[in-house]
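J.: All the letters of the sequence shown, read from the start, carry residue numbers -20 to -1, 1 to 620 under mature numbering (1 follows the signal peptide of the UniProt record, and there is no 0). Note that CB positions come from ideal geometry on N, CA and C, so glycine has one too. Quick one: the structure is below, questions incoming.
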Amino acid sequence: MKKYKSIAKAVLLSCTLALTTSCNDFLDKAPDDQLTMEMIFTDKIRTEDWLAGVYSSIPSPMWGYFKEQGYNIMGDDITIPQDWSPYGWRSVYAYTTGNWSPISTWVPNYWVELHKRIRSGLIFLQEAKVLPEKDLTESYVNQMKYEVRFLIAYYYSLMIELYGAIPFTPGVLVAVDAPESEMMTPQRPYAEVVDWIDKELLEVSEHLPAVYPNNTDWGRATSIMALAIRAKTLLFAASPLFNGNPDLKDWKNSEGEFLFDAEAKPERWEKAAKAHLDLIKAAEAAGHKLYYEYNVDGSIDPFMSYYNMSLKRFSEGNKEILFGRPENEDLNSWQAHHLPKGIGGNAAMGVTQELVDAFYMKNGEMPILGYNEDGSPIINPESGYVENGFSTNTEYRTTKWPGGGPSNLANKETGVSPVTEEGTYNMYCNREPRFYVSVIYNGAWLGVDNRRVNFLQGGRDTDMTFDSPQNGYNVRKRISLDVFPRDKKHVYQPGILYRMAEAYLGYAEALNESSPAPTPDVYKYVNLIRERAGIPALKEGLSKEEMRAAIQQERRVEFNCEGIRFHDLRRWKIADKYLGGKLYGMNHDGSEKSDDVNNPKAFYKRTYYKSRTFNKRMYLWPVPQAQMDINPNLRQAPGY
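Here you go:
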């Protein structure tokens, strides 16, 4: 533990320190100014409470990725109405409209809050004691310290993902009465922080358990979590945003050091590929795997596999989860925000038309290849996609998934169930299973209310207020079919921050980028995802560039509405292509089941509903102006 040398003095724990969220908890339990570090760290419960405080800034992939961090809305997966801005969505809208600056208020405020959590962790490393008589055994205290070291490295990784260059003094705990010069830390080169995270997480992974024997410990740091964040950090470091980005080459710290390399380093892709392979091998050895469910004939059920992948707990056999967070927030409200008004939902959170267009057809072909200037789609002639008219029969697939139609239409003996009914708009027919599990479209089945969705004006699931789908869709991904807000029926679900599919596709991407042409392993790991999704394998003979596009498309679909797409667009440095311009959807004002483009009441026609703005500087978060004012050694990110 020498690397965690501290220069701090033991101090009384007081509210003025504001070191952790658990600080207030402690003070609520004791008389004012009587709770000292000695009292905390000679008591097992208080020691564990402090540890819980260090954990407390792990983001929520539920509300967090929607409203607080806002990644799903800042990306191009989900859209919400402008009128929600006063209700906690203001910073999200500031980003999507280009009003993003050093004085923008971003609720998580990683620059400040994660440094607090890191400081709290360093105090734990300094103060936690082995006291067998208090059930604080040497092995348990050491384990907790490795958990804290994981969290510190994880929080640093979250900061550099957004800010790029940050103040970085690993293991140094500055005393509250230290000279000002010790507190005014400059930013350090990005590669220096990445190298430290790489080595630190690799070492930590050698000391943490891969899996805890007790389900009550689920969510605590494991060796697999450490390897996952290591791999993810190295993938970011290899990607165009941070690897030879000309827009960052002139950014220096206050000491005149360049914060980013001017030239791309191809070996970073090799390092990222190896880190992902290390992760995959360790995870598989620990029993992790893609989540599968099967049809009555023994074949993979892609509908149920993808559906329950995000809903089943680890203790229920969902070994795909590599990094999970036990959710203790208000999932009732979060779930309701996805669902139609007619069943008690808040209704206006909808997937974008661009995401609808991204899902493959059931034959594995992309339906849309791009867009014309007027927003109309360029249709792939090999896909079989049709964007006019309505189906003339009910489509059945081999699946146990109950989300496509009434249960009396399913045949339990053969395992065949309805997916779309006769009269469904052809845009939504013959699509891959992940589409139906992810999107609520007009005419989709609502089993809890025994009816189909009606987004037409005058229908049960919409109106002219902002609590209705502005572009004709709601979100089904990660929402149980049993959730019924009107009857206050909700379902617990785990928060998933990293899963096996991300390891597979991360490995495929890094291996493809570090090879002259796609290798067999690149095909293998992409095709494992496609097989689970129920679509054909990739065609052989793809070039490196074609495989890159295929992997990016696979990530876009597989990880939809999971908060991943936004960071992918950033690290690939293609956000300016996707996060600016006009957005289209179905006609919110439409009251007729028609696709006649000349009929103003037709619902089924691509209709402009709002625009987005993306400026090049927004690839990185700005250093908060309040911190610039405090610390003269900080240098603002380019463009701000």
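Who are residue 582's beta bridge partners in DSSP?
T.: On the sequence shown, position 602 is the one that residue 582 refers to. Answer is 572, bridged to residue 582.
J.: Please classify residue 231: does DSSP put it in a helix, a strand, or coil?
T.: For the purposes of this step, residue 231 is taken as the residue at position 251 of the sequence shown. It is coil, neither helix nor strand.
J.: Quick check on the burial criterion: 16 or more other C-beta atoms within 10 angstroms. Buried or exposed for residue 321?
T.: Within the sequence shown, numbered from 1, the residue matching residue 321 stands at position 341. Residue 321 should be labelled buried.
J.: Here's a check: name, in chain order, each residue in its chain whose Cβ is nearer than 6 Å to the Cβ of residue 358, leaving out the five neighbours to either side.
T.: One-based indexing of the sequence shown puts residue 358 at position 378. Correct list, in chain order: 349 and 350.
J.: Compare the Cα-Cα distances from residue 346 to each of 398, 442, 533 and 126 and report the closest residue.
T.: Mapped onto the sequence shown, residue 346 falls at position 366. Of the candidates 398, 442, 533 and 126, the one whose C-alpha sits nearest the C-alpha of residue 346 is 533.
J.: From which residue to which residue does the beta strand (DSSP E) around residue 16 run?
T.: Translated into positions along the sequence shown, residue 16 becomes position 36. From DSSP, residue 16 is part of no beta strand (DSSP E); its letter is neither H nor E.
J.: Using a Cβ-Cβ cut-off of 6 Å (strictly less than) and excluding sequence neighbours within five positions of residue 442, which residues of its own chain qualify?
T.: As a first step, residue 442 must be located in the sequence shown, where it is residue number 462. The residues are 435 and 448.
J.: Under 9 Å, do residue 300 and residue 270 count as touching if we go by C-beta distance?
T.: Within the sequence shown, residue 300 is the residue found at index 320, counting from 1. Within the sequence shown, residue 270 is the residue found at index 290, counting from 1. In terms of Cβ geometry, residue 300 and residue 270 form a close pair [threshold 9 Å].
J.: Between which two residues does the beta strand (DSSP E) carrying residue 421 extend?
T.: Position 441 of the sequence shown, counted from the start, is the residue given in the question as residue 421. Counting along the chain, residue 421 sits inside the beta strand (DSSP E) bounded by residues 419 to 421.
J.: Quick one: what's residue 58 bridged to in DSSP?
T.: Counting from 1 along the sequence shown, the entry for residue 58 is found at position 78. DSSP lists 331 as partners of residue 58.
J.: Do you know how far the Cα of residue 376 is from the Cα of residue 367?
T.: Here the question's residue 367 lines up with position 387 in the sequence shown. Here the question's residue 376 lines up with position 396 in the sequence shown. Taking the straight line joining both Cα atoms gives about 20 Å.
J.: Cβ atoms of residue 138 and residue 101: under 9 Å apart, would you say?
T.: Here residue 101 refers to the residue found at position 121 of the sequence shown. Here residue 138 refers to the residue found at position 158 of the sequence shown. When the beta-carbon positions are compared, residue 101 and residue 138 stay at least 9 Å from each other.
J.: Have a look at residue 105 and residue 128 and give me their C-alpha separation to the nearest angstrom.
T.: If you number the sequence shown from 1, residue 105 lands on position 125. If you number the sequence shown from 1, residue 128 lands on position 148. Whole-angstrom Cα-Cα distance: 7 Å.
J.: I believe residue 144 touches residue 600 by the beta-carbon criterion, under 8 Å. Please report the beta-carbon distance rounded to the nearest angstrom.
T.: Locating residue 144 in the sequence shown gives position 164, counting from the first residue. Locating residue 600 in the sequence shown gives position 620, counting from the first residue. Contact check for residue 144 and residue 600: beta-carbon distance about 5 Å, within the 8 Å limit, so the pair qualifies.
J.: Using DSSP with H/G/I as helix, E/B as strand and the rest coil, what is residue 1?
T.: In the sequence shown, counting from the first residue as 1, residue 1 sits at position 21. At residue 1, the pLDDT of 36 sits below 50, so the modelled position is not reliable and the matter cannot be decided from this model.
J.: What did DSSP end up calling residue -18 once you bin it into helix, strand or coil?
T.: By one-based count along the sequence shown, residue -18 stands at place 3. Confidence in residue -18 is poor, its pLDDT being 40 and thus under 50, which makes the residue's placement too unreliable to answer from.
J.: Judging by CA-CA distance, which residue of 110, 44, 74 and 56 is the nearest neighbour of residue 90?
T.: Taking the first residue of the sequence shown as 1, we reach residue 90 at position 110. Ranking the options by Cα distance to residue 90, first place goes to 44.
J.: Over the uninterrupted beta strand (DSSP E) stretch that includes residue 359, give me the two end residues.
T.: One-based indexing of the sequence shown puts residue 359 at position 379. 357 to 359 is the extent of the beta strand (DSSP E) around residue 359.
J.: I need the boundaries of the beta strand (DSSP E) containing residue 455, first residue and last residue.
T.: One-based indexing of the sequence shown puts residue 455 at position 475. Note, residue 455: beta strand (DSSP E), 453 to 455.
J.: Label residue 304 either buried or exposed according to how many other C-beta atoms from any shown protein chain fall within 10 Å of its C-beta, with 16 as the threshold for buried.
T.: Within the sequence shown, numbered from 1, the residue matching residue 304 stands at position 324. Buried is the call here.
J.: In this structure, what does DSSP give as the bridge partners for residue 587?
T.: Position 607 of the sequence shown holds residue 587. Looking at the DSSP assignment, residue 587 forms a beta bridge with 565.
J.: Name the residue from 339, 319 and 493 whose alpha carbon lies nearest to the alpha carbon of residue 57.
T.: The count along the sequence shown starts at 1 and reaches residue 57 at position 77. Ranking the options by Cα distance to residue 57, first place goes to 339.
J.: Give me the Cα-Cα distance between residue 278 and residue 388, rounded to the nearest whole angstrom.
T.: Position 298 of the sequence shown, counted from the first residue, corresponds to residue 278. Position 408 of the sequence shown, counted from the first residue, corresponds to residue 388. When the Cα atoms are used, residue 278 and residue 388 turn out to be separated by approximately 23 Å.
J.: Write down every uninterrupted run of the alpha helix (DSSP H) in the region 127 to 174 whose length is 4 residues or greater and which is fully enclosed by it, in chain order.
T.: 160 to 163
J.: Quick one: what does DSSP say residue 598 is sitting in, helix, strand or coil?
T.: Start at 1 with the first residue of the sequence shown, and residue 598 comes out as number 618. In the structure shown, residue 598 sits in a helix (DSSP, three-state: H, G or I).
J.: Given this structure, state the Cα-to-Cα distance separating residue 290 from residue 467, to the nearest angstrom.
T.: The count along the sequence shown starts at 1 and reaches residue 290 at position 310. The count along the sequence shown starts at 1 and reaches residue 467 at position 487. Cα to Cα, the separation comes out at about 23 Å.
J.: For residue 400, report the span of its beta strand (DSSP E) as first-last.
T.: For the purposes of this step, residue 400 is taken as residue 420 along the sequence shown, with counting starting at 1. Here the beta strand (DSSP E) through residue 400 covers 396 to 400.
J.: With three or more beta-carbon pairs closer than 8 Å as the criterion, would you say the region 328 to 336 touches the region 496 to 507?
T.: no
J.: Within 10 Å of its beta-carbon, does residue 404 have 16 or more other beta-carbons around it, so buried, or fewer, so exposed?
T.: In the sequence shown, residue 404 corresponds to position 424, counting from 1. Under this definition residue 404 is a buried residue.
J.: Give me the Cβ distance between residue 253 and residue 494, rounded to the nearest whole Å; I'm assuming they're in contact under 8 Å.
T.: One-based indexing of the sequence shown puts residue 253 at position 273. One-based indexing of the sequence shown puts residue 494 at position 514. About 5 Å separates the two Cβ atoms, so the contact holds.
J.: Can you give the beta carbon distance from residue 176 to residue 490, rounded, assuming they're within the 8 Å contact cut?
T.: Here residue 176 is taken as the residue at index 196 of the sequence shown, counted from 1. Here residue 490 is taken as the residue at index 510 of the sequence shown, counted from 1. That pair is no contact at about 20 Å.
J.: Classify residue 286 as helix, strand or coil using the three-state DSSP reduction.
T.: Here residue 286 refers to the residue found at position 306 of the sequence shown. The answer is helix: DSSP assigns residue 286 an H, G or I state.
J.: Quick test of your reading: residue 414 and residue 537, contact by CB under 8 Å. State the CB separation rounded to the nearest angstrom.
T.: Locating residue 414 in the sequence shown gives position 434, where the first residue counts as 1. Locating residue 537 in the sequence shown gives position 557, where the first residue counts as 1. Yes, residue 414 and residue 537 are in contact; Cβ-Cβ is about 6 Å, under 8 Å.
J.: What three-state label does DSSP hand residue 525 in the structure shown?
T.: Taking the first residue of the sequence shown as 1, we reach residue 525 at position 545. Collapsing the DSSP output to three states places residue 525 in a helix.
J.: Check each candidate in 200, 208 and 157 and name the one with the smallest Cα separation from residue 180.
T.: Mapped onto the sequence shown, residue 180 falls at position 200. Comparing Cα positions, the closest option is 208.
J.: Could you say which of 407, 618, 123 and 425 lies nearest to residue 575 if we only look at CA atoms?
T.: Locating residue 575 in the sequence shown gives position 595, where the first residue counts as 1. Checking every option, the nearest Cα to that of residue 575 belongs to 407.
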